[in-house]
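Student: Can you read through this structure? Questions will come right after.
In our numbering, the protein residues as written are -13 to 236.
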């Protein structure tokens, strides 16, 4: 009787998280279960992700592991909003998500060629292109990149260059690097930001809640892999460190 009541009271679909990057996949899942007359449960979640593993993208290739991990993460965030905290249903579904494995893509270790860099730039919007240019030119680590504030940039004694103060480098060591002033001006003029040199617009279903936020490691990783997938249509993992290695050679 208790089990029947629990099934009857179970929600018919996942709740939106309010973050558009997640909700695109949440809506896709809800449409999937409604179209196929399925219940919201562990089996429908598993079958949806299995479907996405075999589904073809616009390049005619299977969805990459990076895309599949994004889908899995989106559904998990929605599940946490849909079911009450500390409920048996939530605990069980969180366990199910742990058991859903996504294979890791092959990781590229060689620097990018000049032609590949140009391909990537051609496939970026203006803001992402500036971000990747900065990573290439500065050769900074992602952790350092994410912590650069607007106040950390100042004129250099060398003409045409600007100084960037890296306050939180490897081993908590400070240092200064030089970056072309023309690139810094482009960034300052075209990247909407409040405190950090680079910020992105965090979007919500309620657009009035949209606001800028600083980048973080996972965001940069995801961004680079999304761009790589759109550019090459291949199942290759591009780590941000590749831009650090590439910048020293081109």
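Ideal Cβ placement from N, Cα and C applies to all residues, glycine included.
Would you say residue 8 and residue 63 are within 7 Å of each other, going by their C-beta atoms?
Tutor: Yes, Cβ-Cβ distance for residue 8 and residue 63 is below 7 Å.
Student: What residue range is occupied by the uninterrupted beta strand (DSSP E) comprising residue 134?
Tutor: It is not in any beta strand (DSSP E) - residue 134 carries neither H nor E in the DSSP assignment.
Student: My output table needs one value for residue 201: the three-state DSSP class, helix, strand or coil.
Tutor: Residue 201: coil per DSSP, three-state reduction.
Student: Near residue 41, which residues of its chain fall below 8 Å by C-beta distance, leaving aside the five closest residues on each side in sequence?
Tutor: If we look at residue 41 and ignore the five residues flanking it on each side, its Cβ neighbours are 48 and 49.
Student: Residue ranges of each beta strand (DSSP E) run of no fewer than 3 residues wholly in the segment 95 to 177, ordered along the chain?
Tutor: Qualifying beta strand (DSSP E) stretches, in chain order: 139 to 141, 147 to 152 and 161 to 166.
Student: Please classify residue 184 as buried or exposed, where buried requires at least 16 neighbouring CB atoms within 10 angstroms.
Tutor: It counts as buried.
Student: With a CB to CB cut of under 8 Å and the five nearest residues on each side skipped, what residues in its chain are close to residue 5?
Tutor: Correct list, in chain order: 63, 188, 189, 190 and 191.
Student: What is the DSSP secondary structure of residue 231, counted as helix, strand or coil?
Tutor: Residue 231 falls in the helix class under three-state DSSP.
Student: Identify which residue in 18, 149 and 153 has its Cα closest to the Cα of residue 127.
Tutor: Comparing Cα positions, the closest option is 153.
Student: Hey, could you find the ends of the beta strand (DSSP E) residue 19 is sitting in?
Tutor: Careful: residue 19 lies outside any beta strand (DSSP E), inside the alpha helix (DSSP H) at 6 to 21.
Student: For the putative contact between residue 39 and residue 61, defined by C-beta atoms under 8 Å, what is the C-beta separation to the nearest angstrom?
Tutor: About 14 Å; that fails the 8 Å criterion.
Student: So residue 98 and residue 177 are in contact, right, with Cβ under 8 Å, and what is the actual spacing, rounded?
Tutor: About 23 Å; that fails the 8 Å criterion.
Student: Taking its Cβ as the centre, do 16 or more other Cβ atoms sit within 10 Å of residue 57, making it buried, or is it exposed?
Tutor: That one is buried.
Student: Among residues of its own chain, excluding the 5 on either side of residue 141, which ones have a beta-carbon nearer than 8 Å to its beta-carbon?
Tutor: Around residue 141: 148, 149 and 167.
Student: Thinking C-alpha only, which one of 196, 165, 65 and 31 is nearest residue 179?
Tutor: Residue 196 is the option with its Cα nearest to residue 179.
Student: Who are the near neighbours of residue 105 in its chain, counting only those whose CB is closer than 7 Å to its CB and skipping five residues on each side?
Tutor: Only 217 meet the Cβ criterion.
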